[in-house]
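Contents: one structure, followed by commentary.
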Amino acid sequence: MGPKSASTASPGKRGRPSTKAGTTPGTKVSVEVPIPKGAVARETSSFSLESVLHFALLAGSSLLLSTALFSLSVPITKGDLAWTSKRLDSWRDVMVLLAWRVIELAVPWFSGYDAWDALCFIGLIHLPAYSLLLNFYNIRPTTIIAVATFTILSCTIPFSYFRPLGPAHSGSPAVNRAILADGLTTAYITVASTLVYTTFIYLSFVTWLPAHLVTYFNGLPDITAAHAGPKGFVSLFLSLLPAGYGARDLLFVTSASQPPEKKTEPKTTRRRLRSSDSRNEEEEQREESRIASLYKKAWLGLSPASRTLISRSLALALMTLANTFVQLAGTISGVEPKGALGWGSIWSLATLVNAFFYGWVQEASGV
Numbered sequence: 002m003g004p005k006s007a008s009t010a011s012p013g014k015r016g017r018p019s020t021k022a023g024t025t026p027g028t029k030v031s032v033e034v035p036i037p038k039g040a041v042a043r044e045t046s047s048f049s050l051e052s053v054l055h056f057a058l059l060a061g062s063s064l065l066l067s068t069a070l071f072s073l074s075v076p077i078t079k080g081d082l083a084w085t086s087k088r089l090d091s092w093r094d095v096m097v098l099l100a101w102r103v104i105e106l107a108v109p110w111f112s113g114y115d116a117w118d119a120l121c122f123i124g125l126i127h128l129p130a131y132s133l134l135l136n137f138y139n140i141r142p143t144t145i146i147a148v149a150t151f152t153i154l155s156c157t158i159p160f161s162y163f164r165p166l167g168p169a170h171s172g173s174p175a176v177n178r179a180i181l182a183d184g185l186t187t188a189y190i191t192v193a194s195t196l197v198y199t200t201f202i203y204l205s206f207v208t209w210l211p212a213h214l215v216t217y218f219n220g221l222p223d224i225t226a227a228h229a230g231p232k233g234f235v236s237l238f239l240s241l242l243p244a245g246y247g248a249r250d251l252l253f254v255t256s257a258s259q260p261p262e263k264k265t266e267p268k269t270t271r272r273r274l275r276s277s278d279s280r281n282e283e284e285e286q287r288e289e290s291r292i293a294s295l296y297k298k299a300w301l302g303l304s305p306a307s308r309t310l311i312s313r314s315l316a317l318a319l320m321t322l323a324n325t326f327v328q329l330a331g332t333i334s335g336v337e338p339k340g341a342l343g344w345g346s347i348w349s350l351a352t353l354v355n356a357f358f359y360g361w362v363q364e365a366s367g368v
């Protein structure tokens, strides 16, 4: 029998084992240091408080910058949007639009998007409204470009200050995968994404959309773009190339650049005997463990790339539909809610189809 460790006996009683560390030789002794109550809570709350404060500054600066830019845009737009704008009869309508602008910023901010992600996100969710004004309201392209640029800049500039570019967009060698660095692959995916948007809109033009526009868009001046035929397909494709590139960057690049998750060995725990008084508590714990197990298998069982792709695609599709509804039904005269939802649903469905396409590419390339 080996010599006794000094830690196994108290100083005054050499032969009596200590109740705190009764271990055999060679056994590691772990000492738990008590954590003061509220330490973790303070850490979490300070982080969330900091994030909320930064977002408040972001939203305020974005609204101020937007007001300044649109005030300077009068010589460019020349009142082109005045006849299409819906009259806001009360402060309530104004506050609703301001609140929605804050929501537009809140989704990318609290989802962890960087400045470039925010640029793509804001541009894509506003694209249906700008496309409608360009194709069916005969608004000059220079006006549409100016309005889109000022909207995106008023969101992206504050984002770039409070949250700079992440590893996926900063050229970090950790995410320099072949599928992201190859220029030919980038071109292929961009063209395919643009084709998805173009095909959805073109098929709508030749089927149900003209009747939908006439029914739910009162005072619509022109629907010849819906009857342009194959020539319209080519021009529509070229105009949507920025959308294809933005969708690829926001959904595919960021998800494909996620590092693989490290596999950990499952911990084995010994079952302790419970008294009859704790059976109800044990049943509740089992129910909670079933829910947690289902969550782990259904969501955490996916790869980080898949989780990122799914969450971003759903956020983009839902916000595209919601923002199109708010922008058209809330700011353009004569647009009924059903009309806005019908137009926005085309773009949202195209976004989801692109997400499936990106998932297939990642699966095929082993990302």
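Counting from 2, one number per residue, gives the positions in the sequence shown under this note's numbering. Virtual Cβ for every residue (Gly too), placed ideally from N, Cα, C. The structure presented is a predicted model; accordingly, all values stated were derived computationally and were not measured.
Which of helix, strand or coil DSSP assigns to residue i
i	result
Ile1	This structure leaves residue 1 out entirely; the chain is present only between 2 and 368.
Val336	strand
Ser307	helix
Ser112	coil
Ser86	strand
Ser91	coil
Gly80	coil
Leu353	helix
Pro260	coil
Ile146	helix
Ile140	coil
Gly302	coil
Leu274	Note that Leu274 has pLDDT 48, beneath the 50 cutoff, so the model's placement of it is unreliable and no number is given.
Whole-number beta carbon distance between residue j and residue i, since they are thought to touch under 8 Å
i	j	result
Gly360	Ser307	7 Å
Val215	Ile224	7 Å
Ser194	Asn324	With a Cβ gap of about 19 Å, Ser194 and Asn324 do not count as contacting.
Ala227	Leu210	6 Å
His369	Gly340	Residue 369 lies beyond the residue range present for the chain, which begins at 2 and ends at 368; the question has no answer from this structure.
Glu337	Tyr217	4 Å
Leu66	Ile158	6 Å
Ala169	Ser258	4 Å
Leu353	Ser312	About 13 Å; that fails the 8 Å criterion.
Arg102	Leu154	14 Å between Cβ atoms; not a contact.
Ser256	Gln363	7 Å
Ser62	Gly220	Not quite, the Cβ-Cβ distance comes to about 37 Å (not below 8 Å), so this is no contact.
First and last residue of the uninterrupted alpha helix (DSSP H) at residue i
i	result
Ala57	40-73
Gly230	Run containing Gly230: none; DSSP gives neither H nor E here.
Leu134	116-137
Taking 8 Å as the threshold, find out whether the stretch 241-251 comes into contact with the stretch 115-129 through three or more Cβ pairs.
Between the stretch 241-251 and the stretch 115-129, the count of Cβ pairs shorter than 8 Å is three or higher; the stretches touch.
Decide yes or no for the touch test of the stretch 81-98 against the stretch 141-149: beta carbon pairs closer than 8 Å, at least 3 of them.
yes
Determine, using beta-carbon pairs with one atom in the stretch 346-354 and one in the stretch 297-313, whether at least three such pairs fall under 8 Å.
With a cut-off of 8 Å, the stretch 297-313 and the stretch 346-354 do not count as touching, because too few Cβ pairs lie within range.
Report the residue ranges of all alpha helix (DSSP H) runs contained in full by the stretch 163-249; include only those spanning at least 4 residues, in chain order.
179-182, 184-206, 210-217, 231-240, 242-248
Quick test of the definition: if touching needs 3 or more C-beta pairs under 8 Å, does the stretch 58-75 touch the stretch 128-137?
Contact fails: fewer than three Cβ-Cβ distances are below 8 Å.
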